[in-house]
Amino acid sequence: MNRRRQKKLTRGLVRAAMLGDEAEARRLLRAGADARRPDAQGTTPLYAASVHGAAGIARMLLEAGAEPDAESGHGSEGLPLCAAACWGHTETVRVLLGHGADPHIREDGGSGMSPLEWALRGPYPETAEALRNAGASVAGDRRPGVGSGPVAPGGSESAR
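The numbering of the sequence shown is the numbering used here, which starts it at 1126 and goes up by one.
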């Protein structure tokens, strides 16, 4: 497939993911769109689906080979799991975790926030619970100001 066609397919796939258009995403994947390829701005289709809570499209992309822990953007976006957690998209979080997303991963090459910290900041308790059930925790984090903060009512950690 030529480069121009692949760019067009990728652009369409990212757009379909943002709009939650499962039929269009499926059509583009069948036409040869690469689920792993970012668009010209660096946005991956999986990140777009995750930030918009399109769990069905996220599942489709993961089954087509998208990497659950690939950072999106040119330093301006982040990780699919963090994006879904940040906006309280619990079903998308579950899909990502079910396809191997690391609940302990941090954005910005390991120096940024974790998915659980994003969910706690929301606050999105159902999303935080899904992450805790996958083993996520802010306790024991050695970065300054994280993991040593006050404990929220009910004994859960709080993110700063």
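The beta carbon of each residue, even a glycine, is placed where N, CA and C say it ideally should be.
At the level of alpha carbons, what is the spacing between residue i and residue j?
| i | j | result |
| --- | --- | --- |
| G1247 | G1178 | 15 angstroms |
| S1262 | M1238 | 12 angstroms |
| A1277 | T1168 | Because the pLDDT of A1277 is 37, which lies under 50, any placement of that residue in the model is unreliable, and the question is left without a value. |
| R1130 | G1157 | 9 angstroms |
| R1136 | P1163 | 8 angstroms |
| A1253 | N1127 | 43 angstroms |
| V1151 | A1210 | Residue identity differs from the one stated: residue 1151 is Arg in this sequence, not Val. Roughly 25 angstroms separates the two Cα atoms. |
| L1206 | A1195 | 10 angstroms |
| G1274 | E1147 | Its pLDDT being 37, under 50, G1274 is placed unreliably by the model, and nothing is read from it. |
| R1140 | R1219 | 22 angstroms |
Using CA atoms only, rank isn't needed, just tell me which of the options is closest to residue i.
| i | options | result |
| --- | --- | --- |
| P1250 | W1212, E1232 and E1192 | W1212 |
| E1192 | E1202, L1171, G1137 and G1181 | L1171 |
| M1185 | L1138, H1214 and A1210 | L1138 |
| A1244 | D1146, A1165, V1176 and P1163 | V1176 |
| L1134 | E1196, L1144, L1154 and E1216 | L1154 |
| G1145 | A1165, A1180 and G1234 | A1180 |
| K1132 | A1165, I1230 and E1149 | A1165 |
Hey, would you say residue i sits closer than 8 angstroms to residue j, going by beta carbons?
| i | j | result |
| --- | --- | --- |
| A1142 | A1174 | yes |
| A1160 | A1183 | no |
| L1241 | L1221 | no |
| L1187 | H1214 | no |
| G1260 | P1228 | yes |
| E1232 | G1203 | yes |
What does DSSP give as the partner residues of residue i in its beta bridges?
| i | result |
| --- | --- |
| S1197 | G1203 |
Item to check | alpha helix (DSSP H) runs wholly inside the region 1146 to 1191, at least 4 long, in chain order | outcome: 1147 to 1155, 1170 to 1176 and 1180 to 1188
Item to check | Sequence ranges, alpha helix (DSSP H) only - wholly within the region 1205 to 1253, length at least 4 | outcome: 1205 to 1211, 1215 to 1223 and 1240 to 1246
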